[in-house]
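As you go down the protein sequences, you meet chains A and B in turn. The numbering of the first sequence is the working numbering, which starts it at 35 and goes up by one. The numbering of the second sequence is the working numbering, which starts it at 7 and goes up by one. For glycine and all other residues, C-beta sits at the position ideal for the given N, C-alpha and C. Since we're looking at a predicted model, the values are computed, not measured. The structure under discussion appears below in the form of structure tokens.
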Amino acid sequence: DAKTTQPNSMESNEEEPVHLPCNHSTISGTDYIHWYRQLPSQGPEYVIHGLTSNVNNRMASLAIAEDRKSSTLILHRATLRDAAVYYCILNAGNNRKLIWGLGTSLAVNP
Amino acid sequence: ETGVTQTPRHLVMGMTNKKSLKCEQHLGHNAMYWYKQSAKKPLELMFVYSLEERVENNSVPSRFSPECPNSSHLFLHLHTLQPEDSALYLCASSQDLFPAGINNYGYTFGSGTRLTVV
């Protein structure tokens with residue numbers, strides 16, 4: 035199963051953009067890139083996913099490198115409520131479960 | 007409200023107790039999952055149900071016993087647990103089993119039950 039590598043922690047200031055990196059050098063052609071986040075005392079929640087093209091939704095943007103070996107989750111204006119652990123996960127589909135890592139713990143300073 | 011409700015939110019139990027965790031979803035999803043999240047460890051998948059049938063049991067000790075009476079409810083029965091079983095237990099659901107694809111938005115998790123075994 036292909037794995038991902040993320041920094042353990044990052045820090046940002048409120049109302050500034052945040053770029054959360056993820057490396058997945060062993061990604062296969064059919065792996066989708068999924069991002070979840072886990073707020074304190076909550077379960078993970080879906081943020082965004084993509085395959086090859088960049089994706090935007092109301093929560094974030096996902097920028098995928100042309101070779102697909104890395105991706106970046108972009109929060110355009112961080113708020114205090116965005117403080118969470120962010121997980122980058124490869125979803126191989128084909129009835130295969132997600133492989134979770136430890137994610138990136140994002141702190142947002144007021 | 008995430009759409010997946012877990013009760014209780016917190017549970018303290020002795021090693022000789024028997025207790026149950028409950029999970030409920032009214033999203034019309036067909037698959038439900040139990041995960042364990044220990045401190046400083048990745049989420050561990052414990053059990054998987056699809057259309058009320060258990061399809062995966064990831065080498066979980068028998069002191070954990072799942073039950074899925076219908077597609078909306080999932081239970082985790084606990085007995086004679088050990089202190090190392092203390093963790094956050096998360097329930098999740100998905101429309102299809104192990105969802106994937108560009109139009110598939112993955113899993114919906116509950117807020118979890120924080121279990122402490124004393």
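In the DSSP output, which residue or residues are listed as bridge partners for B:PHE104? Position 98 of the second sequence, counted from the first residue, corresponds to residue 104 of chain B. DSSP output for B:PHE104 lists no bridge partner at all.
Own chain partners of A:TYR66 with C-beta closer than 6 Å, once the 5 adjacent residues on each side are dropped: Position 32 of the first sequence, counted from the start, is the residue given in the question as residue 66 of chain A. The answer, listed in chain order, is HIS83, LEU85, ASN125.
Using a Cβ cut-off of 9 Å, which residues of the stretch 98-116 of chain B contact any Cβ in chain A, in chain order? Cβ contacts with chain A: ALA98, LEU103, PHE104, PRO105, ALA106, GLY107, ILE108, ASN110, TYR111, GLY112, TYR113, THR114, PHE115, GLY116.
Buried or exposed: which applies to B:MET141, given that a residue is buried once 16 or more other Cβ atoms fall within 10 Å of its Cβ? Here chain B comprises residues numbered 7 to 124, so residue 141 of chain B is not present and cannot be evaluated.
Determine the chain B residues that contact A:LEU85 at a beta-carbon separation under 8 Å, and present them in chain order. Here residue 85 of chain A refers to the residue found at position 51 when the first sequence is read from its first residue. The contacting residues are ILE108.
According to DSSP, which residues form a beta bridge with A:ASN125? Translated into the one-based positions of the first sequence, residue 125 of chain A becomes position 91. Bridge partners of A:ASN125 according to DSSP: A:TYR66.
Would you call B:GLN88 buried or exposed, if buried means 16 or more other Cβ atoms sit within 10 Å of its Cβ? Position 82 of the second sequence, counted from the first residue, corresponds to residue 88 of chain B. Label assigned to B:GLN88: exposed.
As assigned by DSSP and simplified to three states, the class of A:GLU50: As a working note, residue 50 of chain A is residue 16 in the first sequence. The answer is coil: DSSP assigns A:GLU50 none of H, G, I, E or B.
Sort out for me which residues DSSP pairs B:TYR28 with in a bridge. Residue mapping note: residue 28 of chain B aligns to position 22 of the second sequence, counting from 1. In the sequence as displayed, the identity of residue 28 of chain B is Lys instead of Tyr. The partner list for B:LYS28 (beta bridge, DSSP) reads B:THR13, B:PHE81.
Considering only residues of the same chain and omitting the five flanking positions on each side of A:ALA141, which have a CB-CB separation below 8 Å? For the purposes of this step, residue 141 of chain A is taken as the residue at position 107 of the first sequence. The residues are SER43, MET44, GLU45, SER46, ALA117.
Taking C-beta to C-beta, are B:SER99 and B:VAL123 nearer than 7 Å? One-based indexing of the second sequence puts residue 99 of chain B at position 93. One-based indexing of the second sequence puts residue 123 of chain B at position 117. Going by C-beta atoms, B:SER99 is not nearer than 7 Å to B:VAL123.
Can you give me, in chain order, the residues of the stretch 52-69 of chain A that have a beta carbon less than 8 Å from any beta carbon in chain B? For the stretch 52-69 of chain A, which is checked against every Cβ of chain B, the residues closer than 8 Å are TYR66, HIS68.
Along the chain, where does the beta strand (DSSP E) containing B:ARG120 start, and where does it finish? As a first step, residue 120 of chain B must be located in the second sequence, where it is residue number 114. 119-123 is the span of the beta strand (DSSP E), which, as asked, contains B:ARG120.
Where the beta strand (DSSP E) through A:HIS110 begins and ends: Mapped onto the first sequence, residue 110 of chain A falls at position 76. Looking at the DSSP string, A:HIS110 is not in any beta strand (DSSP E), and its letter there is neither H nor E.
Tell me the rounded alpha-carbon separation between A:HIS58 and B:ASN109. Along the first sequence, read from residue 1 onward, the residue named residue 58 of chain A stands at position 24. Along the second sequence, read from residue 1 onward, the residue named residue 109 of chain B stands at position 103. So the alpha carbons of these two residues sit roughly 22 Å apart.
So which residues of chain A does B:GLY118 contact, with C-beta pairs closer than 7 Å? In the second sequence, the residue the question calls residue 118 of chain B occupies position 112. Residues of chain A passing the Cβ test: GLY77.
Under 6 Å from any heavy atom of the ligand ADP, does the C-beta of B:MET21 make it? Although the ligand ADP was asked about, the structure shown includes no ligands whatsoever.
Closer than 7 Å to chain B by CB, A:LEU164: Since the first residue of chain A shown is 35 and the last is 144, residue 164 of chain A is not available in this structure.
When we look at the beta-carbon of A:THR39 and count the other beta-carbons within 10 Å, is it buried (16 or more) or exposed? As a first step, residue 39 of chain A is located in the first sequence; it is residue number 5 there, counting from the start. With fewer than 16 other Cβ atoms within 10 Å, it is exposed.
Going by DSSP, which residues form a beta bridge with B:LYS42? Position 36 of the second sequence, counted from the first residue, corresponds to residue 42 of chain B. Partner(s): B:GLU50, B:TYR95.
Is the stretch 113-120 of chain B touching the stretch 14-33 of chain B in the sense that three or more CB pairs, one from each, lie closer than 8 Å? Taking a cut-off of 8 Å for Cβ pairs, the stretch 14-33 of chain B and the stretch 113-120 of chain B touch, as three or more such pairs fall below it.
Quick one: does B:LEU33 have its CB under 7 Å from some CB of chain A? As a first step, residue 33 of chain B must be located in the second sequence, where it is residue number 27. False, the Cβ-Cβ gap to chain A never drops below 7 Å.
Whose C-alpha, out of A:THR138, A:SER139, A:TRP134, is nearest the C-alpha of A:LYS37? As a first step, residue 37 of chain A is located in the first sequence; it is residue number 3 there, counting from the start. Checked all of A:THR138, A:SER139, A:TRP134; the closest Cα to A:LYS37 is A:TRP134.
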